[in-house]
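When the letters of the sequence shown are read in order and numbered with the numbering used here, they come out as residues 617 to 800.
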Amino acid sequence: EAFEGMGLFYDRKDGQHSNQPKSVRVDALSAGQAHLAYSLDLPEVAKKDRGRIFSDLYETVFTDELMADELLASIKVLSVIENKKKLLQSSIRKEEKFNSAHMFLIDGAYHVLFAVGQICDAKGVDRLNYQKAITFVPAAIKYISAMVEKAQRDDASFSFNRYFKDAKTKTKIAAYIQGMEKGL
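Here is the structure:
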């Protein structure tokens, strides 16, 4: 109901509002994944365990206190990251030139979303202010790109998938961002 007041339609079930344009529909699973990564600081769960959103994590993700604004902010910031990811994938498919340092976006989109949240916190910006948070996406990509490059140098058997499924990666990202934002 809160989403309808914003001109949006919340799909609890697949295709629930299929008569509405895709641009005004909010998918519950996607919203839950974005909320896990951005608001609840669980990007590795959003990436690898999305099925848990409607099982054991349901009460954690969709609490009575959860506001539509929180889901909306998560979704809005993720959509900017997903657009960059889709452009990258399109360039790869079409065999066009692309920034190979951004290959991590394919597996690490939720970690970029998490990083944006960390930058918001470090700068004292409310995460619900998605217009401002979106401006931090390039910095988040830059930070994670630097971390991925280092991890690739340090580990001959590095894989994006394994790196972003590891819960320790989130801790490393948070520490890296705190250091960078404080100018250490």
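Idealized CB from N, CA, C, for every residue including glycine.
Since we're looking at a predicted model, the values are computed, not measured.
Segment limits, alpha helix (DSSP H) that includes Asp-737: Going by DSSP, Asp-737 is part of the alpha helix (DSSP H) stretching over 721-739.
Inside the stretch 622-687 only - beta strand (DSSP E) runs reaching at least 3 residues: The qualifying runs are 625-627, 641-643.
Phe-774, DSSP secondary structure in three states: It is coil, neither helix nor strand.
Reduced DSSP secondary structure (H/G/I, E/B, other) of Thr-787: Helix at Thr-787.
Spatial neighbours of Gly-733 in its chain, beta-carbon cut-off 6 Å, leaving aside the 5 residues before and after: Cβ neighbours of Gly-733 within its own chain (closer than 6 Å, five residues either side excluded): Tyr-654, Arg-743.
Supposed contact pair Lys-786 and Phe-720 - C-beta distance, whole angstroms, cut 8 Å: Taking 8 Å as the upper bound for CB-CB distance, Phe-720 and Lys-786 are not in contact here, some 14 Å apart.
Residue environment, Tyr-746, which counts as buried when at least 16 other CB atoms sit within 10 Å: Its Cβ being crowded by 16 or more others within 10 Å, Tyr-746 is buried.
Pairwise C-alpha distance: Gln-632 and Met-796: Rounded to whole angstroms, the gap between the alpha carbons of Met-796 and Gln-632 is 43 Å.
Residue of Ala-791, Ala-650, Asp-770 minimising C-alpha distance to Ile-669: When the alpha-carbon of Ile-669 is set against those of Ala-791, Ala-650, Asp-770, the nearest one is in Ala-650.
Distance, Asp-665 Cα to Asp-680 Cα: It is roughly 22 Å from the alpha-carbon of Asp-680 to the alpha-carbon of Asp-665.
Within 8 Å, strictly: CB atoms of Ile-691 and Ser-639: The answer is no: Cβ separation not under 8 Å.
Residue closest to Ser-761, alpha-carbon to alpha-carbon, out of Phe-625, His-718, Lys-701, Ile-708: Nearest neighbour of Ser-761 by Cα position, chosen from Phe-625, His-718, Lys-701, Ile-708, turns out to be His-718.
Contact set for Ala-783: own chain, Cβ-Cβ below 7 Å, skip 5 residues either direction: By the criterion of a C-beta distance shorter than 7 Å, Ala-783 is surrounded in its chain by Glu-660, once the five residues flanking it on both sides are discounted.
Same chain, Cβ closer than 6 Å to Ala-662, five either side skipped, listed in chain order: Here Ala-662 has Gln-649, Leu-652, Ala-653, Tyr-726 as same chain residues with Cβ atoms under 6 Å from its own Cβ, once five neighbours each way along the sequence are excluded.
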